[in-house]
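**Q** When the sequence shown is numbered by our numbering, its final residue is 309 and no position is left out of the sequence of numbers. Could you have a look at this structure, given as structure tokens, before my questions?
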Amino acid sequence: MKKLISLAAMSGLLLVACGDDDKKSDTTNTTPAGGAFDLATLEVNDEAKACAEGNTLEAGKLVLATGDPAYPPYMLDDDPTTGEGFESAVALAVAKVMGFDGDAVSWVRTSFDSAVAGSDTNFDFNLQQFSINAEREDVVSFSDPYYTANQAILGYADGPGKDVTKLSDLKALKLGAAAGTTSLQFITDVIKPDTAAFEFGSNADAKAALDAGQIDAIISDVPTALYWSVAAEEDGGVPGTTVFGQFSIDAGGAGDQWGLLFVKDNPLVECVNLALADLESTGALAAITEQWMAGYTEAPTLSKD
Numbered sequence: 005m006k007k008l009i010s011l012a013a014m015s016g017l018l019l020v021a022c023g024d025d026d027k028k029s030d031t032t033n034t035t036p037a038g039g040a041f042d043l044a045t046l047e048v049n050d051e052a053k054a055c056a057e058g059n060t061l062e063a064g065k066l067v068l069a070t071g072d073p074a075y076p077p078y079m080l081d082d083d084p085t086t087g088e089g090f091e092s093a094v095a096l097a098v099a100k101v102m103g104f105d106g107d108a109v110s111w112v113r114t115s116f117d118s119a120v121a122g123s124d125t126n127f128d129f130n131l132q133q134f135s136i137n138a139e140r141e142d143v144v145s146f147s148d149p150y151y152t153a154n155q156a157i158l159g160y161a162d163g164p165g166k167d168v169t170k171l172s173d174l175k176a177l178k179l180g181a182a183a184g185t186t187s188l189q190f191i192t193d194v195i196k197p198d199t200a201a202f203e204f205g206s207n208a209d210a211k212a213a214l215d216a217g218q219i220d221a222i223i224s225d226v227p228t229a230l231y232w233s234v235a236a237e238e239d240g241g242v243p244g245t246t247v248f249g250q251f252s253i254d255a256g257g258a259g260d261q262w263g264l265l266f267v268k269d270n271p272l273v274e275c276v277n278l279a280l281a282d283l284e285s286t287g288a289l290a291a292i293t294e295q296w297m298a299g300y301t302e303a304p305t306l307s308k309d
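See the structure below:
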């Protein structure tokens with residue numbers, strides 16, 4: 005995710021299944037999408053634990069970071085400590101597998117922009133739906149991905165985007181995306197529209213561009229797009245918009261891969277990757293994702309042809 009998501013409710017967006025407009029859920033609904041996953045059932049991975057020893061800010065402790073505030077479904081009630089919410093659960097699961105639990109885990113808050121700029125160093129790792137990209141990797145380090153989101157198209161319900169059924173339909177549209185995001189890369193490298201992409205720095209700018217006809221539609225990752233389509237303007241939404249559909253990863257590009265963020269060249273990256281691999285191999289990461297994200301990524305899949 006990215007810069008935009010940190011601007012308002014963006015850092016914790018998503019929240020509604022987007023199928024029929026009349027069936028959209030209330031953005032305050034924080035009911036898990038799937039069955040509950042019990043973090044207490046996780047076991048310590050000896051290799052990940054040994055790797056982490058001596059590589060945290062404080063011996064025997066792990067300092068995690070998130071945004072201020074943090075929103076559902078990533079953190080419920082702006083409380084990252086509970087394991088309630090997708091990223092809270094992922095972070096605490098990684099911690100548990102590396103041997104950190106209970107009072108050994110603490111949380112701090114950072115802004116999104118300062119974290120990706122590498123100016124914050126008061127955490128062992130940070131998670132705020134950070135998209136992994138080469139530009140950011142010049143100043144910070146990332147773990148292996150813990151989630152990958154498809155790209156989506158949204159716009160006003162009666163706008164040109166409503167007629168899109170396949171990827172090639174986008175070529176003739178005027179498209180916008182948040183500056184510095186994988187969505188912008190998707191437009192430039194995959195869609196290759198006739199008109200250069202419009203880069204915006206806030207959801208307000210995106211709405212203004214739609215209103216002025218500077219763009220016909222917006223490209224964003226699915227969770228962000230779903231949030232924009234249902235949230236009030238004061239909460240970071242773009243009222244009146246609809247998610248017309250999403251493009252699967254095989255449509256082009258690598259999807260929007262989110263990674264845990266570290267201070268540049270932090271040796272703890274290797275340890276966290278061991279923990280993530282453990283969570284993936286045991287099915288725990290899939291179970292956490294199903295519980296918190298399955299109901300928040302629903303949009304029609306459009307043809308790549």
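Where a beta carbon is used, it is the ideal one built from N, C-alpha and C, also for glycine.
So, using beta-carbon positions, are Val226 and Thr301 closer together than 8 Å?
**A** To locate residue 226, count along the sequence shown from 1; it is residue 222. To locate residue 301, count along the sequence shown from 1; it is residue 297. For Val226 and Thr301, yes; Cβs fall inside 8 Å.
**Q** What do you reckon, are the CB atoms on Asn277 and Asp148 nearer than 8 Å?
**A** On the sequence shown, position 273 is the one that residue 277 refers to. On the sequence shown, position 144 is the one that residue 148 refers to. In contact: Asn277 and Asp148 (Cβ atoms closer than 8 Å).
**Q** Does DSSP put Pro84 in a helix, a strand or coil?
**A** Residue 84 sits at position 80 when you count from the first residue of the sequence shown. In the structure shown, Pro84 sits in a helix (DSSP, three-state: H, G or I).
**Q** As an exercise, report each continuous alpha helix (DSSP H) stretch of at least 4 residues that is fully enclosed by the stretch 48-83, in chain order.
**A** 50-56
**Q** Tell me, which residues are paired with Tyr231 by DSSP?
**A** The residue given as residue 231 occupies position 227 in the sequence shown. BP columns for Tyr231 are empty, so no partner.
**Q** Which first and last residues belong to the alpha helix (DSSP H) in which Val267 is found?
**A** Sequence index remark: in the sequence shown, residue 267 carries index 263 (1-based). No alpha helix (DSSP H) holds Val267; the beta strand (DSSP E) holding it covers Asp260 to Val267.
**Q** Buried or exposed for Val143, please, with buried defined as at least 16 other CB atoms from any protein chain shown within 10 angstroms of its CB.
**A** Locating residue 143 in the sequence shown gives position 139, counting from the first residue. Burial call: exposed.
**Q** Identify which residue in Val109, Thr85 and Ala156 has its Cα closest to the Cα of Gly256.
**A** Position 252 of the sequence shown holds residue 256. Gly256 has its Cα closest to that of Ala156, out of Val109, Thr85 and Ala156.
**Q** Do you know offhand how far Asp105's Cα is from Leu214's?
**A** Mapped onto the sequence shown, residue 105 falls at position 101. Mapped onto the sequence shown, residue 214 falls at position 210. Cα to Cα, the separation comes out at about 47 Å.
**Q** Find the nearest neighbour of Gln261 within the set Val112, Phe146, Glu88 and Ser110, judged by alpha-carbon distance.
**A** Here residue 261 corresponds to residue number 257 of the sequence shown, with the count starting at 1. For the residues Val112, Phe146, Glu88 and Ser110, the minimum Cα distance to Gln261 belongs to Phe146.
**Q** What does a CB cutoff of less than 6 Å around Ala37 pick up in its chain, not counting 5 residues either side in sequence?
**A** In the sequence shown, counting from the first residue as 1, residue 37 sits at position 33. Its pLDDT being 46, under 50, Ala37 is placed unreliably in this model, and the value from its coordinates should be taken loosely. Only Ala298 and Gly299 meet the Cβ criterion.
**Q** Using the Cβ count rule (16 or more neighbours within 10 Å means buried), how would you classify Ser252?
**A** Residue numbering aside, residue 252 sits at position 248 when the sequence shown is read from its first letter. By the neighbour-count rule (16 or more Cβ atoms within 10 Å), Ser252 is not buried but exposed.
**Q** Assess, as a yes-or-no matter, whether the stretch 44-62 is touched by the stretch 265-277 under the definition of 3 or more beta carbon pairs within less than 8 Å.
**A** yes
**Q** May I have the straight-line CA-CA distance separating Glu91 from Ala182, to the nearest angstrom?
**A** Within the sequence shown, the letter at position 87 stands for residue 91. Within the sequence shown, the letter at position 178 stands for residue 182. About 22 Å.
**Q** Rounded to whole angstroms, how far is the Cβ of Asn137 from the Cβ of Thr70, which I believe are closer than 8 Å?
**A** Taking the sequence shown and counting its residues from 1, one reaches residue 137 at position 133. Taking the sequence shown and counting its residues from 1, one reaches residue 70 at position 66. With 8 Å as the limit, Asn137 and Thr70 do not qualify as a contact, their Cβ atoms being about 20 Å apart.
**Q** Near Gly103, which residues of its chain fall below 7 Å by C-beta distance, leaving aside the five closest residues on each side in sequence?
**A** Position 99 of the sequence shown holds residue 103. Excluding residues within five positions, the ones whose Cβ falls inside 7 Å are Val48, Lys53 and Ala56.
**Q** Taking the beta carbon of Asn126 as the centre, do at least 16 other beta carbons fall within 10 Å, making it buried, or is it exposed?
**A** On the sequence shown, position 122 is the one that residue 126 refers to. Counting Cβ neighbours within 10 Å, Asn126 comes out exposed, since fewer than 16 surround it.
**Q** Do Tyr160 and Gly217 come within 8 Å of each other at the CB atom, strictly closer than that value?
**A** In the sequence shown, the residue the question calls residue 217 occupies position 213. In the sequence shown, the residue the question calls residue 160 occupies position 156. Contact flag unset, no.
**Q** If you reduce the DSSP assignment to three classes, tell me which class Gln133 lands in.
**A** The sequence position of residue 133 within the sequence shown is 129, counting from 1. Looking at Gln133 - three-state DSSP - the assignment turns out to be coil, as it is neither helix nor strand.
**Q** Exposed or buried, what is Ala290 when buried is set at 16 or more other beta-carbons lying within 10 Å of its beta-carbon?
**A** Here the question's residue 290 lines up with position 286 in the sequence shown. Ala290 should be labelled exposed.
**Q** At which residue ranges does the stretch 169-233 contain complete alpha helix (DSSP H) runs of 4 or more residues, listed in the order of the chain?
**A** 186-189 and 207-216
**Q** Output the boundary residues of the alpha helix (DSSP H) element that contains Val94.
**A** Counted from its first residue, the sequence shown places residue 94 at position 90. Element bounds for Val94: Phe90 to Val101.
**Q** State yes or no: is the C-beta of Lys166 within less than 8 Å of the C-beta of Thr199?
**A** By 1-based counting over the sequence shown, the position of residue 166 is 162. By 1-based counting over the sequence shown, the position of residue 199 is 195. Not a contact, by the Cβ cut-off of 8 Å.
**Q** Could you give the residue range of the alpha helix (DSSP H) that holds Asp117?
**A** Within the sequence shown, numbered from 1, the residue matching residue 117 stands at position 113. Looking at the DSSP string, the run of the alpha helix (DSSP H) that includes Asp117 is Phe116 to Val120.
**Q** With a Cβ-Cβ cutoff of 8 Å, do Leu43 and Leu96 count as a contact?
**A** Translated into the one-based positions of the sequence shown, residue 43 becomes position 39. Translated into the one-based positions of the sequence shown, residue 96 becomes position 92. Contact: yes.
**Q** Measure the CB-CB distance between Gly163 and Ala221 and report whether it falls below 8 Å.
**A** Taking the first residue of the sequence shown as 1, we reach residue 163 at position 159. Taking the first residue of the sequence shown as 1, we reach residue 221 at position 217. If you check the CB distance, Gly163 and Ala221 come in under 8 Å.
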